[in-house]
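Single-structure report; data block below.
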Amino acid sequence: MKLYMNAAACSLSPHIVFRELGLDIELVEVDRGTHRTSDGKDYLAINGNGYVPALMLDDGKVLTEGPAIAQFLADSVPEGAAMLPEVGNLRRNEVQSYLNFISAELHKPMVLLFDPAYASVHAQIRAQVAKRLSWLSGRFAGPYLTGEAFTVADVYLFVCLNWSPWTGINLKQWPALHGFMARVAARPKVREALRAEDLEAFDADGVYFAPNVYLASSDWTGVPVQP
644 MKLYMNAAAC SLSPHIVFRE LGLDIELVEV DRGTHRTSDG KDYLAINGNG
694 YVPALMLDDG KVLTEGPAIA QFLADSVPEG AAMLPEVGNL RRNEVQSYLN
744 FISAELHKPM VLLFDPAYAS VHAQIRAQVA KRLSWLSGRF AGPYLTGEAF
794 TVADVYLFVC LNWSPWTGIN LKQWPALHGF MARVAARPKV REALRAEDLE
844 AFDADGVYFA PNVYLASSDW TGVPVQP
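Structure representation (structure tokens):
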């Protein structure tokens, strides 16, 4: 299977799921400007929306949208039940509820905070995201969202919250969320995915990760923490 991705983008979520489940993966990077892939293809012919991720199966079929890809992967092997419980188990619906919440209430608003076209309403968007994070910080049923199990929803949350430094959101005001980021960042398979995308932690706590190429050309100071 091929996963079309950009380093540190939302495609990092299914990438981590791949590695947590021990599945074989071929990463294909997409140039955001030209929509050309690292293996020489026109990405718009693969995903007409032009954004990542997209998953190409061995038979050539393509699945898009990160939460759908993550659920497909979890359902593809018996071990995936730990990350997404089986149909009929209410815990599966709880995980799916969090996936929907993260997609609608965190992912999309946070993306707008990167876009200068929305600069005039960034403060209002940031306030709305903070409201959602305050609610979410009180929902943890254990070390992870639904309890002891590390699910596909936790992966998605980790990836979205990793963008916090660039959106003007300080997670330290929510200790539960900051602690969650540290726990997920310490997972061996998460670290493996971060290394594969050439991401390094740049903060003292080793919680937030960015591409090396970005760190080399940015105003961030200090020595990155190797994941």
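For the sequence shown, my numbering assigns the number 644 to the initial residue and increments by one for each residue that follows. Just so you know, even glycine gets a beta-carbon here, dropped at the ideal spot from N, CA and C.
- Taking a C-beta distance under 8 Å as the contact criterion, residue 698 and residue 666 do not qualify as a contact pair.
- Nearest neighbour of residue 794 by Cα position, chosen from 757, 816, 662 and 652, turns out to be 662.
- Shown here, residue 699 sits in a strand according to DSSP, grouped into three states.
- When only Cα atoms are considered, residue 678 and residue 707 end up about 16 Å apart.
- Here residue 644 carries a coil assignment [DSSP, helix/strand/coil].
- In the three-state reduction of the DSSP assignment, residue 655 falls in the helix class.
- Contact check for residue 682 and residue 671: beta-carbon distance about 6 Å, within the 8 Å limit, so the pair qualifies.
- Rounded to the nearest angstrom, the gap between the Cα atoms of residue 652 and residue 788 is 21 Å.
- Here residue 745 has 796, 799, 800 and 803 as same chain residues with Cβ atoms under 7 Å from its own Cβ, once five neighbours each way along the sequence are excluded.
- Within the stretch 735–785, complete beta strand (DSSP E) segments of at least 3 residues are not found at all.
- Runs of the alpha helix (DSSP H) spanning 4 or more residues and lying entirely within the stretch 803–849 occur at 807–810, 818–828 and 831–839, in chain order.
- For the pair residue 811 and residue 726, the Cα-to-Cα distance works out to about 30 Å.
- Under the three-state reduction of DSSP output, residue 787 falls in the strand class.
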